[in-house]
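For the record, in the sequence shown the residue sitting at position 92 is 241 according to this note's numbering, with numbers rising by one throughout. Every residue gets a Cβ at the ideal spot worked out from N, C-alpha and C, and that includes glycine. The model shown is predicted, which means the values in this text are computed figures rather than measured ones. Here the structure comes first, spelled out in C-alpha cells, and everything after it is commentary.
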Amino acid sequence: MPEAVEKVTLQLTVNGKLHSLSVEPRVLLVELLREILDLTGTHVGCDTTYCGACTVLMNGAAVKSCTMFAVQAEGAEVLTVEGLEKDGELHPIQKAFGDSYGLQCGYCTPGLMISTLQLLSKNRKPNEKEMRKAIAGNTCRCTGYQNIFKAIQLAAKNMNGA
Ligand code: FES
Ligand code: FES
C-alpha cells in the first residue's frame with residue numbers, strides 16, 4: 150500500500166477571499182485553483198509551460214500557475230479571471246475582448262486577459278511592441294492576434310475613461 154503523503158498547511162488570498170487549506174506539496178497552483186477552489190476559468194492548455202492559458206496574477210505579477218506548486222503561493226494574493234468582474238459588472242478588459250471580437254474558442258482568453266491586466270496596470274498607453282511583449286507568454290491558436298491587440302487598445306482606452 151502506498152504511504153500517505155503528508156499534507157502541508159497553506160494560506161493564500163484568491164480573488165479577495167482568504168483560504169486556509171491543507172494540500173499535498175506536489176499540488177500545482179493551477180490544480181488548487183481548478184480542482185480545490187473550483188475556479189475553472191484558469192485553463193490548462195499544455196504540459197510544457199508554453200501556452201499561458203493558466204496565467205494568473207500573483208502579488209500583481211503574471212505567473213503560469215501550471216509551473217508553480219501551490220505551496221509557493223503561501224501568503225500571496227492571487228487573482229484569477231473570475232476576480233475581474235465586480236458586483237456583476239464585467240471588467241473593462243472583459244468588455245473590450247468581447248467588443249473587439251478578441252476571441253474565438255476562448256480557451257486562451259482568461260490568460261490573455263490576466264496578462265493584459267498586468268500590462269495596463271503599469272502602462273495605459275501601450276504601443277504595439279509593448280503589447281506583443283506583454284502577451285508573449287500567451288498562445289492563441291484561433292484569432293491571428295489582430296483582434297487581441299484591438300481588445301488591449303480598447304481596454305486601455307476604457308480604463309483611461311475615454
Ligand atoms: S497550461 Fe500551458 S503554460 Fe500553463
Ligand atoms: S481564441 Fe481559441 S485559442 Fe485563442
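Task: Contiguous alpha helix (DSSP H) assignments of at least 4 residues, all confined to the stretch 205-287 - done: Inside the stretch 205-287, DSSP marks whole alpha helix (DSSP H) runs of 4 or more residues at positions 241-248, 258-269 and 277-283, from first to last along the chain.
Open item on the list: Can you give me the C-alpha to C-alpha distance between GLN160 and GLU226, rounded to a whole angstrom?
Closed with: Approximately 10 Å, taken between the alpha carbons.
Task: Closest by C-alpha distance to ALA304, when choosing among GLY251, ILE185 and ASN287 - done: GLY251
Open item on the list: Can you tell me which residues form a DSSP beta bridge with HIS192?
Closed with: None; HIS192 has no bridge partner.
TODO: Measure from the alpha carbon of ASN208 to the alpha carbon of each residue in ASN164, VAL157 and ARG183, then state which is nearest.
DONE: ASN164
Open item on the list: Here's the rule: buried if 16 or more other CB atoms are within 10 angstroms of the residue's CB, otherwise exposed. What is THR191?
Closed with: When all chains shown are included, THR191 counts as buried.
Task: Sequence-distant residues of its chain with Cβ nearer than 8 Å to VAL259 (five each side left out) - done: Correcting the residue type first, residue 259 is Pro in the shown sequence and not Val. Close CB contacts of PRO259 within its chain, under the 8 Å cut and outside five residues either way in sequence, are with GLY190, THR191, HIS192, ALA202, THR204, THR229 and VAL230 (chain order).
Task: the stretch 235-252 touching the stretch 176-188, judged by at least three CB pairs closer than 8 Å - done: no
Open item on the list: Suppose you measure from the CA of GLN253 to the CA of ARG281; what does that come to, to the nearest Å?
Closed with: Take the alpha-carbon of GLN253 and the one of ARG281: they are about 19 Å apart.
Task: Secondary structure of LEU186, DSSP reduced to three states - done: coil
Task: GLN253 beta carbon near ligand 2 (any heavy atom closer than 8 Å) - done: yes
TODO: Give the straight-line distance between the Cα atoms of GLU313 and ARG290, rounded to the nearest whole angstrom.
DONE: Outside the shown range of the chain (150 to 311) lies residue 313, about which nothing can therefore be said.
Open item on the list: Less than 9 Å between the C-beta atoms of VAL154 and GLU180, yes or no?
Closed with: no
- [ ] Determine the direct distance from the alpha carbon of LYS299 to that of ASN276, and round the result to whole angstroms.
- [x] 11 Å
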